[in-house]
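Visitor: Have a look at this one before I ask anything.
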Amino acid sequence: MEDTKPFYDFSIPYNKNATVIRAILNELVELGYKTIAIEQSFDHSKKDAVKRGSEMFPEPYNIENLRNEFKDKLKILQRLNILYVDANVSHAMSVSLNLRKFNLIAGQPKTDAALTHCCTTFNGDIITFDPVAGSKLLVNRKSLQVAVRRGMFFEIKYAPAIADSNNRKDMIKVAQNYCTKGKSKNIIFSSGALHEFQLRGPYDVANLAYIFGLSADQGKNAIDRFCRQLFLRAESRRLGKTIMFVKGKGPIVYSDSSDEGEDDDVQMDEIEPIITEPATEDEQEIENYQPNKKRLKVLE
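Numbered per UniProt numbering, the sequence shown spans residues 1 to 300.
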């Protein structure tokens, strides 16, 4: 399993301008982030019905140069946002091979029906919202609880709330919806920053929990613990069922704790296995012999 370190930011929109994306990554390093995800969007609702059923999702952008440049500073993942309006996206996802190349899959519903489908059936990892139209979508409590039981995570982006006051109101409304209907479970904070000046430090982001109606512990988990759980769930979705074999290098030796100080320098590799020959018939008779158990009377 791949190793990741806190803190996390799973929403850094891809920018074709190499200068802008490098400035954002350098700022993330300065702020103390260790694991981030480059975000790539795809609008499934704009595709023709003739192409449905074939490979319609794009391949991940080639970011090997960024990974090599920030090799010892950041762990860079790749994420795909799927914007859709109906349940037809499920079939396209089931036959796609390009989706397996992404580390994270996020669903961004555009209608109420798509939001219900995203909570109950969508084969992804994150449920995210458009900062402008996200507050207009309504979902019942049952669907949100189903999403939590399935291991889906709800994302709140703070950069749009910094850039525009109207978006700030919408994101607070979405977060309050999580608190009342989803019981504030499985919530992560991401930036969604288009510029380096929209980024904030991890502890500043955790303090935003009070604005969104969360507790201090939930704010810390939203940029650390829950993001790690999200990554592990995404890896299990990508790899499927696996079998692990564990093989020891030598025999296991059990020693009594009372023999402290004796043979402490003996290494596992120095112990030779004891090979025993099959017992003869006489030895087996002696081994299987059990004396008759009789009670003895004590004479006074």
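Glycine included, each C-beta is placed from N, C-alpha and C at the ideal position.
Any idea what DSSP makes of residue 302, helix, strand or coil?
Guide: Past the edges of the chain, shown from 1 to 300, lies residue 302, and the structure says nothing about it.
Visitor: Buried or exposed for residue 109, please, with buried defined as at least 16 other CB atoms from any protein chain shown within 10 angstroms of its CB.
Guide: By one-based count along the sequence shown, residue 109 stands at place 109. Buried, since its Cβ has 16 or more Cβ neighbours within 10 Å.
Visitor: Please state whether DSSP places residue 128 in a helix, a strand or coil.
Guide: Against the sequence shown, residue 128 aligns to sequence position 128. Coil.
Visitor: Starting from residue 11 and walking both ways along the beta strand (DSSP E), at which residues does that stretch end?
Guide: The residue you call residue 11 lines up with position 11 of the sequence shown. Unbroken beta strand (DSSP E) run through residue 11: 8 to 13.
Visitor: Looking only at its own chain, which residues have a Cβ that is under 8 Å from the Cβ of residue 265, when we skip the five neighbours before and after it?
Guide: For this step, residue 265 is matched to residue 265 along the sequence shown. With a pLDDT of 47 at residue 265, under the threshold of 50, the modelled position of this residue cannot be trusted; read the value that follows with caution. So no residue of the chain qualifies.
Visitor: Using the Cβ count rule (16 or more neighbours within 10 Å means buried), how would you classify residue 54?
Guide: For this step, residue 54 is matched to residue 54 along the sequence shown. Residue 54 should be labelled exposed.
Visitor: Using the rule of at least 16 other Cβ atoms within 10 Å of the residue's Cβ for burial, across every protein chain shown, is residue 215 buried or exposed?
Guide: On the sequence shown, position 215 is the one that residue 215 refers to. Label assigned to residue 215: exposed.
Visitor: Give the range of the alpha helix (DSSP H) segment to which residue 197 is assigned.
Guide: Along the sequence shown, read from residue 1 onward, the residue named residue 197 stands at position 197. Unbroken run through residue 197: none, as it is neither H nor E.
Visitor: Could you check what DSSP says for residue 270 in three-state terms: helix, strand or coil?
Guide: The residue given as residue 270 occupies position 270 in the sequence shown. Any answer about residue 270 is weak, because its pLDDT of 46 lies below 50 and its placement is not dependable; what the coordinates show is given next. If DSSP states are grouped into helix, strand and coil, residue 270 belongs with the helices.
Visitor: Within its chain, find whatever has a CB closer than 7 Å to the CB of residue 103; leave out the 5 residues flanking it on each side and keep chain order.
Guide: Residue mapping note: residue 103 aligns to position 103 of the sequence shown, counting from 1. If we look at residue 103 and ignore the five residues flanking it on each side, its Cβ neighbours are 37, 77, 78, 79 and 234.
Visitor: Compute the distance between the beta-carbons of residue 56 and residue 47, then report whether it is under 8 Å.
Guide: For the purposes of this step, residue 56 is taken as the residue at position 56 of the sequence shown. For the purposes of this step, residue 47 is taken as the residue at position 47 of the sequence shown. Their beta carbons are under 8 Å apart, which means residue 56 touches residue 47 by this criterion.
Visitor: Which first and last residues belong to the alpha helix (DSSP H) in which residue 87 is found?
Guide: The count along the sequence shown starts at 1 and reaches residue 87 at position 87. Premise fails: residue 87 is in no alpha helix (DSSP H) and is neither H nor E.
Visitor: According to DSSP, is residue 41 helix, strand or coil?
Guide: Taking the sequence shown and counting its residues from 1, the one referred to as residue 41 is at position 41. Strand.
Visitor: What residues are listed by DSSP as bridge partners for residue 157?
Guide: The residue labelled residue 157 in the question sits at position 157 within the sequence shown. Paired residue(s): 190.
Visitor: Leaving aside the five residues before and after residue 302 along the sequence, list all residues of the same chain whose C-beta is less than 7 Å from its C-beta, in chain order.
Guide: Since the displayed the chain opens at 1 and closes at 300, residue 302 lies outside it and no answer follows.
Visitor: Comparing C-alpha positions only, which one of 170, 179, 194 and 230 sits nearest to residue 209?
Guide: For the purposes of this step, residue 209 is taken as the residue at position 209 of the sequence shown. Among 170, 179, 194 and 230, the Cα nearest to that of residue 209 belongs to 179.
Visitor: Output the boundary residues of the alpha helix (DSSP H) element that contains residue 137.
Guide: The residue given as residue 137 occupies position 137 in the sequence shown. Where residue 137 is concerned, there is no enclosing alpha helix (DSSP H), given that its DSSP letter is neither H nor E.
Visitor: Where does residue 223 fall in DSSP's three states?
Guide: Counting from one through the sequence shown, the residue named residue 223 turns up at place 223. In this structure, residue 223 counts as coil in the three-state DSSP scheme.
Visitor: Give me the Cα-Cα distance between residue 74 and residue 182, rounded to the nearest whole angstrom.
Guide: Stepping through the sequence shown from its first residue, residue 74 is reached at position 74. Stepping through the sequence shown from its first residue, residue 182 is reached at position 182. Computed Cα separation, rounded: 32 Å.
Visitor: Is the segment 141 to 157 touching the segment 27 to 35 in the sense that three or more CB pairs, one from each, lie closer than 8 Å?
Guide: Touching, no, given that fewer than three Cβ pairs across the two stretches are closer than 8 Å.
Visitor: Just curious, the alpha helix (DSSP H) that residue 18 is in, first and last residue?
Guide: Position 18 of the sequence shown, counted from the start, is the residue given in the question as residue 18. Unbroken alpha helix (DSSP H) run through residue 18: 18 to 31.
Visitor: What are the start and end residues of the alpha helix (DSSP H) that includes residue 74?
Guide: The residue labelled residue 74 in the question sits at position 74 within the sequence shown. Neither: residue 74 is in no alpha helix (DSSP H) and is coded neither H nor E.
Visitor: Where does the unbroken alpha helix (DSSP H) through residue 171 begin, and where does it stop?
Guide: Here the question's residue 171 lines up with position 171 in the sequence shown. Where residue 171 is concerned, the enclosing alpha helix (DSSP H) stretches over 165 to 181.
Visitor: With a CB to CB cut of under 8 Å and the five nearest residues on each side skipped, what residues in its chain are close to residue 238?
Guide: Position 238 of the sequence shown, counted from the first residue, corresponds to residue 238. So the qualifying residues of the chain are 100 and 103.
Visitor: According to DSSP, simplified to helix, strand and coil, what is residue 81?
Guide: Walking along the sequence shown from the start, residue 81 turns up at place 81. The answer is strand: DSSP assigns residue 81 an E or B state.
Visitor: Going by DSSP, name the residue or residues bridged to residue 36.
Guide: Against the sequence shown, residue 36 aligns to sequence position 36. Partner(s): 9 and 76.
Visitor: Enumerate in chain order the residues of its own chain whose CB-to-CB distance from residue 4 is below 7 Å, with the five nearest sequence positions on each side excluded.
Guide: On the sequence shown, residue 4 is found 4 positions in, with the first residue counted as 1. Same-chain partners within the cutoff: 35, 75, 228 and 231.
Visitor: CA-CA distance, residue 136 and residue 197?
Guide: By one-based count along the sequence shown, residue 136 stands at place 136. By one-based count along the sequence shown, residue 197 stands at place 197. Distance between the alpha carbons of residue 136 and residue 197 is about 28 Å.
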